[in-house]
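Below is one structure, written out as structure tokens; comments come after it.
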Amino acid sequence: MAPRKKGKPKLSVWKFASCDGCQLSLLDCEDELLTIAGEVEIAYFVEASRAMVRGPYDLTLVDGSITTPHDAALIKQVRRASRYLVAIGTCATSGGIQALRNFHDVKEFAAAVYAHPEYLETLPESTPISANVPVDYNLNGCPINKRQLLEVISAFLAGRTPVAPPHSVCLECKIRGNICVLVLGTPCLGPVTHAGCGALCPTYHRGCYGCYGPKETPNTLSLSSWFSSRLGVSEPDLVRAYRKFYANAPEFRLESKIHEK
Ligand code: SF4
Ligand code: SF4
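Take the sequence shown: its letters are residues 16 to 276, numbered as in the numbering used here.
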């Protein structure tokens with residue numbers, strides 16, 4: 016990754032289909048945000064500032080998935096205006112919880128919710144940013160971890176590759192000294208889920224439900240086998256376990272389909 020040239024780098028933050036939680040993670044950086052604001056020109060960040068400076072941008076953070084023809088066209092413009100583009104959060108990196116539509120006919124959902132669905136302009140699937148334009152880095156999480164976000168921003172500004180752990184939530188869980196909830200009988204997706212949250216849920220004695228998405232080379236087959244043989248988890252509940260925040264991630268999508276009747 017080549018370091019950028021002189022002058023304050025321009026940062027832009029764009030929102031597509033999402034709850035805004037990942038943008039709030041950036042605002043939640045508080046003290047660090049002031050340092051970031053001193054290092055970059057916040058050129059476009061509607062949730063934080065009325066200033067709207069036109070591109071090109073040195074670093075663009077994109078929150079949300081692509082669900083409409085308008086957004087499918089806009090993300091291409093954003094990509095063209097950005098030197099580096101980082102997708103942040105579950106929606107942008109995988110399609111989000113709204114990607115549950117990908118397993119059904121979205122027209123049926125629209126007809127059930129809206130009196131006049133014919134006025135809607137929506138795509139049949141919710142897709143990650145990487146399915147629409149090239150992405151320089153994907154930062155998982157629902158929402159993202161602010162420390163990881165700061166690492167990604169610092170890395171891109173310094174012209175280096177971000178350091179992100181490739182291991183599962185289990186390792187973070189062990190580092191915290193937690194008693195494993197899986198061996199106590201609670202289904203936990205920690206063994207197949209990407210680290211980053213600090214094992215938040217098992218620390219409070221509940222199973223992980225996979226909101227940081229699949230880790231590298233997740234052994235979902237083995238975990239499903241443990242869930243069903245040791246914990247008595249039914250096939251429909253196995254489908255539900257994988258079909259949550261990262262339902263559209265290829266590894267979880269495939270595993271949920273295996274258990275779908
Ligand atoms: S509680 Fe979950 S995340 Fe923690 S070690 Fe057990 S399986 Fe892994
Ligand atoms: S433990 Fe699992 S569900 Fe809980 S915050 Fe971490 S990744 Fe998300």
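Beta carbons are placed, not taken as given, at the ideal position from N, Cα and C, and that holds for glycine.
Relative to the C-alpha of THR201, which residue among SER145, TYR224 and GLY110 is closest? TYR224
Per-residue DSSP class, three states only, for LYS276: coil
Between the stretch 153-173 and the stretch 202-218, can you find at least three pairs of beta-carbon atoms closer than 8 Å? yes
For the stretch 21-30 against the stretch 62-77, are there 3 or more C-beta pairs whose distance is under 8 Å? yes
So the alpha helix (DSSP H) SER109 belongs to, where does it begin and stop? 104-109
Which residue comes first and which comes last in the beta strand (DSSP E) that contains PHE60? 56-60
Throw me the rounded Cβ distance for the CYS37 and ILE103 pair, which I believe falls under 8 Å. 5 Å
Can you list the alpha helix (DSSP H) stretches of 4 or more residues lying completely in the stretch 171-245, in chain order? 184-190 and 215-218
Whose C-beta lies closer than 7 Å to the C-beta of ALA264 among residues of the same chain, with five residues either side of it excluded? SER109, GLY228 and PRO229
Cβ distance (whole Å) where CYS106 is taken to contact SER33 below 8 Å: 4 Å
Spatial distance of PRO217 from ILE57 (CA atoms): 37 Å
How is the beta strand (DSSP E) around VAL77 delimited, first residue to last? 72-78
Relative to the alpha-carbon of ARG95, which residue among ASP120, GLU62, VAL198 and ASP151 has its alpha-carbon at the smallest distance? ASP151
Could you tell me if ASP46 is buried or exposed, where buried requires 16 or more neighbouring beta carbons within 10 angstroms of its beta carbon? exposed
Is it the case that the CB of VAL128 approaches a heavy atom of ligand 3 more closely than 6 Å? For the structure depicted, ligand 3 is absent and the ligand set comprises only ligand 1 and ligand 2.
For ligand 1, any of its heavy atoms closer than 6 Å to the Cβ of VAL196? yes
At 4 residues or longer, what runs of the alpha helix (DSSP H) sit wholly inside the stretch 107-145? 121-128
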